[in-house]
Amino acid sequence: MSTLGLRKAVAIWFFAVYVFVGVPLWYKLTTIYRAPLPIEHIRSMHENPHTDLHLVIPVYVRSDTYNFPDVHDAIQVQVNELLKSKKGPLTWSLQVLPFESWVNEESDYVVTLALDNFIGYTIPYDSKETIVFFNDESVVANDIPFFVAQTLIEHTFGLEWQHFSESKDVIKETNNNMAISYTPNVHLSISLLTGDGRPVAWDIVPTLEEYFTPLRRFISPLVNFTVDTGIVYYNDLKLGSLSGSDTASWQDLSHTVDLSELSSMNYYSERTVLNLAIVFPGHSAGNLSFINSTSKHDWQSFLVPQWGVLVINKSPLPDSTRLTKDYLTPIIYKFSRELFQLLGLATQAADLSTPYVTIDSFKRLMIIRNLDESTETLWSLVKLVEQFPQMAVPEEVLVNVRKALDLRLQVAELINDPFKGGDAVWNQALLLSNELFRVCEDAFFHKEMVQQNFFPQEHKIAVYLPLLGPLTVIMLSGLVNAFKRKQKEESSAEKDQDVKE
Amino acid sequence: MRIFWLISVLGAVLSLRGVFANDTHTNNWAVLVCTSRFWFNYRHMANVLSMYRTVKRLGIPDSQIILMLSDDVACNSRNLFPGSVFNNADRAIDLYGASVEVDYKGYEVTVENFIRLLTDRWSKDQPKSKRLLTDENSNIFIYMTGHGGEDFLKFQDAEEISSYDIADAFAQMHEKKRYNEIFFMIDTCQANTMYSKFYSPNVLAVGSSRLDESSYSHHSDVEIGVAVIDRFTYYTLEFMESIEKNSTLTLQDLFDSYTFDKVHSHVGVRTDLYERDPSKVLVTDFFGSVQNIVLDDIDQADNAYEDSQESQESSDLPDHILQLAIEKSRDEVTSKKNESKVHIRKATLVDYEDSIAEMSKVSHHKMLLEVRVFLIFMGLLIVYYYSRKR
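Residue numbers (this note's numbering), protein chains in the order written: chain P, 224 to 724; chain R, -6 to 383.
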């Protein structure tokens, strides 16, 4: 091979390495990693949110007096018809089954048919049982199945009927301005505030242990409470300025009360904090005459939306007072009722008349809310990834998304099964859906998904150009030179030949 | 005449209702950012600290105020009043004197941290006090000041944030329902360009100057030696000083208070993304924290407690959730006691069974050993017998 040919081959070889190895390698090494998310799957989940869900709740029917062998089938037909009459955002149904000896009356839904003089129903305060009363006329007229179906749908499962069959948006409807957004862990901060520095003590620990701990245990499948208590001196939330007024409207209170010192949630690991503040005015401010004290109590209770409860006392505390259980217990009684309002389980208008049933229904509502919110989060993630092509999508995000899809399947399997419906099942489904919610949040808020967001593409060129620019120029000019020289030499050779001829 | 009077009263009541109509937010947050550093930018620090003082005075707790400040003037060697920052030559209010909680200081004031703060993308060890933990019920007031230009704002002479970056961050916040409404206020040169790229709903924005226009400082303090406050912020604060928590003044009143004569630049307001009419939005909807307080006058709880005290010995307890929980807890304790008794019996039985099993295992092992010794002994005997025979 001539020197020229060798030179040409080397130039081509270098250029080929540059183009076919160097450029792809550079591109590969400088490209932002974007994990391939299952975008189409998430899109379909967002567009058809509840296609994979069919919530089924098993209900067991028993009759104390008469033996109705096929009443459960008849009730099932009526329930289906009633549910068909309204199409809501979620498909749900009841699986009406005959009562068996293995059915757990405490954890499963049982309907008891009881013979009486009138037709009616009752849901006892302390159980999940629905008792339907019927008389002989209703048996003759075959009204029992319809009546049972109506009782179940509109009363026992009233919350589901309201949210799954009537409203259009489960998430929006379950939230009101008083209640906090559902979260499985809530911190409760209980404070005693006094307007001056006179020493005060309180028997809060024994009171809470006796009265509040059972409630915490009772509600623990739904919400875990952590509690702290403390005494704050020289702080009456500026209520002292209202001591002169006999009446104080909610506006006066809103504009006066300063909750900023009690709103520091930074000290708790839980995201959501609820407060109970028991406030005594200072001696310098004197009595708060706008507080309507009754013969029973010298205080009034006020609800602050999504914050907690204020218990405002009429009179200042005497010197060296010890607040005993007798004083604190009625407050805890009242607060526990208000706590359910703050959690969204009750409203001020409607109290918690059937706690077992309502808590269970609330669990189902929150399961569906978690599923919906997590779908929305995943969809937001997809939109974000599509909107910002320069944003990194780390592998961990993909792992979390896959985990979320898997968890959703597990929850769907649990709630769709017509023969699963005890407390344990709903608790497990709620637990999984909470985990699903958390995983989706982790995926969306991954810390690496911000670094490249404001790092424009041209920065990459600007960084590499001083290195790659000269290299490229040398490569190209070398290649062009090699070819040009060949042409020159060929033409000069041709000229030589012509001269010889 | 009476009709006119009635109509005017009705009109006043309705307009007041309109002003108080919004109860969609339940919490207020403030993000106050000073993007400058060094002594000669004293006024930017003072701007932000003045805003901090105002929102704190109107009830936003420190835990809900994010203060980003290079914080290098209070203790600067050139400061004639060490540990103090003033926003007026009369030096009436020491902005640094009260407790100031700076969340991001010095070189922590970066574009990255600001974007992270808005989008809440942090590592797990980020403390709660340095996070914007807002939700769909949060009204956020964002105030920025520093040196800027067309569509950018410098961060500490090292980098800049563009109007697109903030717009995209707001979009992400909206996507994840991290706010109810945002009120964005910016005091910098060509400030109005900074909100021009916003596209997310429910964002109201105000800027101190339009494109190709500078924002000016208000006045200097001879002893401090530099300008102490900017004009736009000065007149904002002048307006805010008249505001208390019960004020009925609206954001429109604030906007109307800005004139070219005062600010020396054209203040811009962007309302097209904002659903409400600023003339019906209270200033305290963003600058303060006014909690709605509802009297709970239902005596059911009291009665329940009284009844429970009376009927402690009878089984007929009142319907109260606490009573139910206490009853359930008692039942559980009783059943646990019974269960534990059964467990003790079972446990002894299991132990006994285990010991039998253990004994049998031991004896089995011993037997095996004996057989092995016997076989070895027999083997040795046979070997000895045959060797003797040979």
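We put the CB at the ideal spot given by N, CA and C, even for glycine.
Is the CB of residue i under 8 angstroms away from at least one CB in chain P?
{"i": "R:Glu168", "result": "yes"}
{"i": "R:Ser77", "result": "no"}
{"i": "R:Asn239", "result": "yes"}
{"i": "R:Ile175", "result": "no"}
{"i": "R:Ile314", "result": "yes"}
{"i": "R:Asp55", "result": "yes"}
{"i": "R:Lys255", "result": "no"}
{"i": "R:Leu73", "result": "no"}
{"i": "R:Thr28", "result": "no"}
Helix, strand or coil for residue i? Go by DSSP, reduced to three states.
{"i": "R:Arg30", "result": "coil"}
{"i": "R:Lys169", "result": "coil"}
{"i": "R:Arg46", "result": "helix"}
{"i": "P:Met401", "result": "coil"}
{"i": "P:Ala364", "result": "coil"}
{"i": "R:Lys147", "result": "strand"}
{"i": "P:Ile235", "result": "helix"}
{"i": "P:Tyr457", "result": "coil"}
{"i": "P:Thr449", "result": "strand"}
{"i": "P:Gln529", "result": "coil"}
{"i": "R:Asp180", "result": "strand"}
{"i": "P:His410", "result": "strand"}
{"i": "P:Gln523", "result": "strand"}
{"i": "P:Gly463", "result": "helix"}
{"i": "R:Val66", "result": "coil"}
{"i": "R:Asn40", "result": "helix"}
Which residues in chain R have a C-beta closer than 7 angstroms to the C-beta of residue i? List them in chain order.
{"i": "P:Phe667", "result": "Lys169"}
{"i": "P:Glu561", "result": "Asp289"}
{"i": "P:Ser524", "result": "Asp289"}
{"i": "P:Phe513", "result": "The contacting residues do not exist; P:Phe513 stays about 10 angstroms from chain R at best."}
Give the residues of chain P in contact with residue i, contact being defined as C-beta atoms less than 7 angstroms apart.
{"i": "R:Trp22", "result": "Residues of chain P passing the Cβ test: none, with the nearest at roughly 11 angstroms."}
{"i": "R:Lys98", "result": "None at all; the shortest Cβ gap to chain P is about 17 angstroms."}
{"i": "R:Ile236", "result": "In chain order: nothing, as chain P lies at least about 11 angstroms away."}
{"i": "R:Gly142", "result": "Those within 7 angstroms of R:Gly142 in chain P number zero; the least Cβ separation is about 17 angstroms."}
{"i": "R:Gly52", "result": "Asp481 and Ser483"}
Note down, in chain order, each residue of its chain lying with its Cβ closer than 6 angstroms to the Cβ of residue i, except the 5 sequence neighbours on either side.
{"i": "R:Gly142", "result": "Gln183"}
{"i": "P:Met268", "result": "Thr598"}
{"i": "P:Gly418", "result": "Asp459, Gly463, Pro504, Gly505 and Ala508"}
{"i": "R:Ser131", "result": "Asn20, Trp22, Tyr172 and Asn173"}
{"i": "P:Ser543", "result": "Pro422"}
{"i": "R:Asp96", "result": "Ile59, Leu60 and Lys123"}
Between which residues of its own chain and residue i is the CB-CB distance below 8 angstroms, once the five residues before and five after are set aside?
{"i": "P:Trp315", "result": "His277, Leu278, Val279, Ile280, Leu306, Glu383, Phe387 and Ser388"}
{"i": "P:Phe558", "result": "Leu499, Ser524, Val532 and Val534"}
{"i": "P:Val302", "result": "Ser316, Leu317, Val319, Ala372, Leu375 and Ile376"}
{"i": "R:Val102", "result": "Val26, Cys27, Thr28, Arg30, Met61, Leu62, Ser63, Phe148 and Gln149"}
Counting only Cβ pairs nearer than 8 angstroms, list the residues of chain R close to residue i.
{"i": "P:Val673", "result": "Glu105, Ile108, Arg109, Thr112 and Arg114"}
{"i": "P:Asp583", "result": "What P:Asp583 touches in chain R: nothing, since even the nearest Cβ is about 14 angstroms away."}
{"i": "P:Arg661", "result": "None at all; the shortest Cβ gap to chain R is about 12 angstroms."}
{"i": "P:Arg494", "result": "Leu126"}
{"i": "P:Asn489", "result": "Ser56, Pro120, Lys121 and Ser122"}
Compare the C-beta of residue i with all C-beta atoms of chain R and state if any pair is closer than 8 angstroms.
{"i": "P:Thr397", "result": "Note that P:Thr397 scores 49 on pLDDT, short of 50, meaning its location in the model is unreliable and no value can be drawn from it."}
{"i": "P:Val605", "result": "no"}
{"i": "P:Val172", "result": "This structure leaves residue 172 of chain P out entirely; chain P is present only between 224 and 724."}
{"i": "P:Leu445", "result": "no"}
{"i": "P:Phe243", "result": "no"}
{"i": "P:Tyr405", "result": "no"}
{"i": "P:Pro272", "result": "no"}
Could you name the residues of the same chain whose beta carbon sits closer than 7 angstroms to that of residue i, not counting the 5 residues immediately before and after it, in chain order?
{"i": "R:Thr186", "result": "Glu143, Asp144, Ser156 and Leu204"}
{"i": "R:Val256", "result": "Ser201, Arg224, Phe225 and Tyr228"}
{"i": "R:Ala67", "result": "Gly76, Ser77, Val78 and Tyr89"}
{"i": "R:Lys339", "result": "Model confidence at R:Lys339 stands at a pLDDT of 43, short of 50, so the residue's coordinates are unreliable; what they give is reported in the following sentence. The answer is none, since no qualifying residue turns up."}
Could you tell me which residues DSSP puts in a beta bridge with residue i?
{"i": "R:Asp223", "result": "R:Ser210"}
{"i": "P:Ala337", "result": "P:Phe356"}
{"i": "R:Ile291", "result": "Answer is none; R:Ile291 lacks a bridge partner."}
Going along chain P in order, which residues have a C-beta closer than 8 angstroms to the C-beta of residue i?
{"i": "R:Asn130", "result": "Asn400 and Gln529"}
{"i": "R:Lys273", "result": "Under the 8 angstroms cutoff, chain P gives no residues; its nearest Cβ is about 17 angstroms from R:Lys273."}
Consider the C-beta atom of residue i and the heavy atoms of the ligand FMN; say whether any pair is separated by less than 7 angstroms.
{"i": "R:Leu125", "result": "As for the ligand FMN, it is missing from this structure, which has no ligand bound."}
Starting from residue i, find everything on chain R with Cβ-Cβ shorter than 9 angstroms and list it in chain order.
{"i": "P:Trp473", "result": "Asn285, Ile286, Val287 and Leu288"}
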